[in-house]
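For any residue, its number in the working numbering is found by taking its place in the sequence shown, counting from 1, and adding 89.
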Amino acid sequence: MRSSLTHDILEHLAEGGKIMLEAFFPRGYSYTDPSRRLFGWDQRCRHRFTPTQKISISGILSRLRREGLVVRDGARKTSSWHITGRGRGRLHILSAVADPLPKSPHIFPKKDGKLRIVIFDIPERDRRKRDWLRVQLLASGTRPLPQTLVEEIDALDLGAYVHIMSIGEKGTLVLRKLL
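In structure tokens:
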């Protein structure tokens with residue numbers, strides 16, 4: 090089960106009661122055009138989609154309907170979806186599962202003028218952890234890494250994959266000889 094997307098769909102259905110499938114793919118945005126063409130809403134495209142491109146929200150909604158978690162009302166193109174009691178139960182279970190990645194905000198130290206290089210080579214099996222680390226590093230910018238972030242890296246067993254280097258001085262060899 091694609092728990093993250095399934096969870097998001099069930100959560101939106103539970104919050105809004107009903108949603109239109111087309112609300113997920115508004116017209117006029119380049120990133121929604123392929124999905125709109127896949128559903129047949131924009132007839133401009135004659136492209137044949139690969140099987141991996143066809144796996145979409147439509148497929149997930151169909152599977153959720155087969156499992157009895159959501160119900161579709163109306164015709165296919167103008168259908169609205171709403172969550173069932175069984176779906177609310179599944180949503181409660183999915184929400185109860187703790188996300189192993191920390192979401193605590195960090196208090197970043199002030200800039201100190203040192204250049205830091207962070208190198209990480211996290212295996213593909215830990216892709217979520219790698220993506221989490223990338224977001225945390227981008228959020229820290231050029232400031233020193235907070236101690237809480239370093240502790241979270243160790244808690245996630247990423248310490249062996251992450252290397253941090255600090256550079257105190259910048260310059261070329263020619264400039265260093267003159268000084």
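All C-beta atoms, glycine included, are put in the ideal place defined by N, C-alpha and C.
Check, Outcome
"Quick one: what's R251 bridged to in DSSP?", "Note that residue 251 corresponds to Val in the displayed sequence, not to Arg. Partner(s): F209."
"Rounded to whole angstroms, what's the CA-CA distance from L204 to P233? Just pull it up for me.", "9 Å"
"Along the alpha helix (DSSP H) that carries S229, what are the first and last residues, could you check?", "R216 to S229"
"Whose C-beta lies closer than 6 Å to the C-beta of M254 among residues of the same chain, with five residues either side of it excluded?", "I206"
"Out of P235, L227, R223 and H181, which one is the CA nearest neighbour of T95?", "H181"
"Can you list, in chain order, the residues of its chain whose CB lies under 8 Å from that of L102, leaving out five sequence neighbours each side?", "I108, V159, W170, H171, I172 and G176"
"In the DSSP assignment, the beta strand (DSSP E) including D246 goes from what residue to what residue?", "Neither: D246 is in no beta strand (DSSP E) and is coded neither H nor E."
"Determine the extent of the beta strand (DSSP E) in which D201 is found, giving its start and end residues.", "Unbroken run through D201: none, as it is neither H nor E."
"Excluding the 5 residues preceding and the 5 following L150 in the sequence, name in chain order all residues of the same chain whose CB lies nearer than 8 Å to its CB.", "I98, L110, V159, R161 and W170"
"Assign K218 to one of two classes, buried (16 or more other C-beta atoms within 10 Å of its C-beta) or exposed (fewer than that).", "buried"
"By DSSP's criteria, H181 is part of a beta bridge. Which residues make up the other side?", "Per DSSP, none; premise fails for H181."
"How about H252 and I208: are their beta carbons less than 9 Å apart?", "yes"
"For T231 versus K200, is the C-beta spacing smaller than 9 Å?", "yes"
"Tell me the DSSP secondary structure of R175 in three-state form.", "helix"
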